[in-house]
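Residue numbers (the numbering used here), protein chains in the order written: chain Z, 326 to 610; chain H, 326 to 610. These notes concern the structure reproduced below.
There are 2 protein chains.
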Amino acid sequence: VTGGAHPRPGFSAADHAVLALGLEVTGTPKPGNVDRRRDYDDLRFEHFLAGGVGARPGLERAAEGAPVGEAFEAAVAGMSQQSGGNTQFGCLLDLVPLVSAAADGSLTPAGVERVVAGTTVADAAGFYRAFDHVDVTVADPPEGMDDLDVRRGSGAVPAVRERGLTLADVLARSEGDGNAREWERGFPRTFRAAEAMLDDDGPAPDRVARAFLSLLSEEPDTLVRVEQGPDVAYEVMDRAEAAGRDLAAAEDLAEEFHARGINPGTTADVTAAATFVALERGLPV
Amino acid sequence: VTGGAHPRPGFSAADHAVLALGLEVTGTPKPGNVDRRRDYDDLRFEHFLAGGVGARPGLERAAEGAPVGEAFEAAVAGMSQQSGGNTQFGCLLDLVPLVSAAADGSLTPAGVERVVAGTTVADAAGFYRAFDHVDVTVADPPEGMDDLDVRRGSGAVPAVRERGLTLADVLARSEGDGNAREWERGFPRTFRAAEAMLDDDGPAPDRVARAFLSLLSEEPDTLVRVEQGPDVAYEVMDRAEAAGRDLAAAEDLAEEFHARGINPGTTADVTAAATFVALERGLPV
């Protein structure tokens, strides 16, 4: 993609995933998120640093070809060894299949679609067990899916087994979730944002922030919709569109969203995933 | 040391070393350094993030019991895969023997003294080869030591071999270098600063910044002395002492030192090393 030698020949896919998590939280302004300039009282920059380092063993398992569910659960368990709570659950849900695809030499939409299609019931069980390690804000499950509510964590595994659902099946049932849509469709937003980051210029964290703003303007953020409702989610989208890719203009938005506690989730997750893909493809740092 | 379960039971010594590098650059204000709030034009926060992730394979080798010189060269080679130049050479020089000691279950002054005493001529060769990977600002060598000038990198290895110098011998000849003094004396400033961080309270990056200020007030920084001369090095020490451990008071100092390009080196290195020891001993994040 970039031509020439890779700027980080010694970096493994797990290294790039950990660096992507670090760059994601460093990029600023990312309106409403913890970023290099902003903390929330109980969710701070250092929690993301520790979460990224802690997630590494799980990401390495993914790179070594471990089943996606097992690698994901390990990554979430590792991430949770800091006091900020859930920092990167959604990021890891996107990163694990991408790391698997990268380790297999096929970090492409088709490559990650193969990883998703290959998931099993055991992977779904690993996904549910990951919810035992950390509190994750999610929407109520669809009608008739109470026994599959992710908030049951490992308690839902018998129902998953009984229904014979793979992890791809489970995510296909997560209506309206931005990360689940990436899983279902070969990560189109992730790959598009990665290419935009590679075509962009300037320091990597600025490219991350611009990618975040673009993604935020494209569709309502899942976490904002769950926490603040659809009206706010659409408002956020419109406001991000108005800011465009102008980081100075987005500073005011960052102050406002932070004050209102509007903390986009899925948008940050896809940004981290896109940063990983861009790093693998030679994004300079 | 801390009582109770370790807050990060899944973190290896290499994990804590990488996290220490991240927390070190996150702590703010660290007057004159790149920190969470300040960049230099060509040396930016993200270079330190990438340097820390890149150093990891070398740190893991140290944790696995590899010779110190080999682990250090690998860490520096990995660190250098970013465009900011030398970010953490001195930090790694301090971290590698500490990681070795930690992996051996003896992260104490006596434990790291054993690591230092056990270094060989091959370790000294690894140390010199590390200078091939990145430009490091150092003082001129003492009289009669030109053939051992570290700026020769691997070119000095024949002289090292001929003289039969171990890495401990080489560092003992580095007159006036703050990191070399830590090596010679069982890392006294490192362990003292680590205990102060554990006794401190508040978020980890604030403890890092206060540890940095204390260390900066204790003795002239080696890098400041080499780059700006002894008068400035003493001025920096006095100004840090006047700021005390008051992070608000140190903000003005950070603005001034940054504007004057006064970028303390050894002080940051010892701070990173102390952060590693504190993390191993249960510093909460």
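We put the CB at the ideal spot given by N, CA and C, even for glycine.
Below-8 Å beta-carbon distance, residue i vs any chain H residue
i              : result
Q406 (chain Z) : yes
T351 (chain Z) : yes
G335 (chain Z) : yes
G379 (chain Z) : yes
L344 (chain Z) : yes
V610 (chain Z) : yes
D340 (chain Z) : yes
P513 (chain Z) : no
Any chain Z beta carbon closer than 8 Å to residue i
i              : result
V421 (chain H) : no
A375 (chain H) : yes
G403 (chain H) : yes
L348 (chain H) : yes
Alpha carbon of residue i to alpha carbon of residue j, nearest angstrom
i              : j              : result
V343 (chain Z) : R361 (chain Z) : 16 Å
A450 (chain H) : C416 (chain Z) : 42 Å
L548 (chain Z) : A464 (chain Z) : 8 Å
S499 (chain H) : I587 (chain H) : 22 Å
P466 (chain Z) : G436 (chain Z) : 29 Å
F582 (chain H) : V551 (chain H) : 16 Å
R532 (chain H) : G352 (chain H) : 8 Å
A481 (chain Z) : L572 (chain Z) : 43 Å
G383 (chain H) : V446 (chain H) : 19 Å
A428 (chain Z) : G335 (chain H) : 24 Å
F414 (chain Z) : R476 (chain H) : 45 Å
L540 (chain Z) : T596 (chain Z) : 8 Å
W508 (chain H) : A388 (chain H) : 18 Å
Y559 (chain Z) : G430 (chain Z) : 38 Å
D471 (chain H) : V557 (chain H) : 27 Å
T433 (chain H) : L423 (chain H) : 9 Å
E544 (chain H) : S405 (chain H) : 29 Å
S408 (chain H) : G554 (chain Z) : 43 Å
D460 (chain H) : E605 (chain H) : 30 Å
P356 (chain Z) : R585 (chain Z) : 11 Å
D594 (chain Z) : G503 (chain Z) : 9 Å
A391 (chain H) : S542 (chain Z) : 50 Å
E385 (chain Z) : L492 (chain Z) : 20 Å
Counterpart residues of residue i in DSSP-defined beta bridges
i              : result
R363 (chain Z) : Z:D360
Residue i: contacting residues in chain H (beta-carbon distance under 8 Å)
i              : result
L540 (chain Z) : In chain order: nothing, as chain H lies at least about 20 Å away.
F370 (chain Z) : T351, R361, P530
Any chain C beta carbon closer than 8 Å to residue i
i              : result
R386 (chain Z) : Considering every chain present, this structure includes no chain C. Its protein chains are Z and H.
beta-carbon residue i near the ligand MN non-hydrogen atom, thresh 7 Å
i              : result
V602 (chain H) : Because no ligand of any kind appears in the structure shown, any question about the ligand MN cannot be addressed here.
Contacts of residue i in chain H (Cβ-Cβ under 9 Å)
i              : result
P332 (chain Z) : Q406, Q407, S408
Contacts that residue i makes with chain Z (C-beta to C-beta distance below 8 Å)
i              : result
P354 (chain H) : Ordered by position in chain Z, no residue passes the 8 Å Cβ test against P354 (chain H), which lies about 14 Å from the chain.
P382 (chain H) : G335
- How do the stretch 395 to 406 of chain H and the stretch 590 to 602 of chain Z stand: do at least 3 beta-carbon pairs fall below 8 Å, yes or no? For the pair of segments examined, the stretch 395 to 406 of chain H was found not to touch the stretch 590 to 602 of chain Z: the number of CB pairs separated by less than 8 Å stays below three.
- Report yes or no: do three or more beta-carbon pairs, one from the stretch 567 to 586 of chain H and one from the stretch 352 to 367 of chain H, lie closer than 8 Å? yes
- Message: With three or more beta-carbon pairs closer than 8 Å as the criterion, would you say the stretch 508 to 516 of chain Z touches the stretch 480 to 487 of chain Z?
- Response: No, the stretch 508 to 516 of chain Z does not touch the stretch 480 to 487 of chain Z.
- Assess, as a yes-or-no matter, whether the stretch 523 to 533 of chain Z is touched by the stretch 450 to 459 of chain Z under the definition of 3 or more beta carbon pairs within less than 8 Å. no
- Are at least three pairs of beta-carbons, each pair with one atom in the stretch 373 to 381 of chain Z and one in the stretch 341 to 355 of chain Z, less than 8 Å apart? yes
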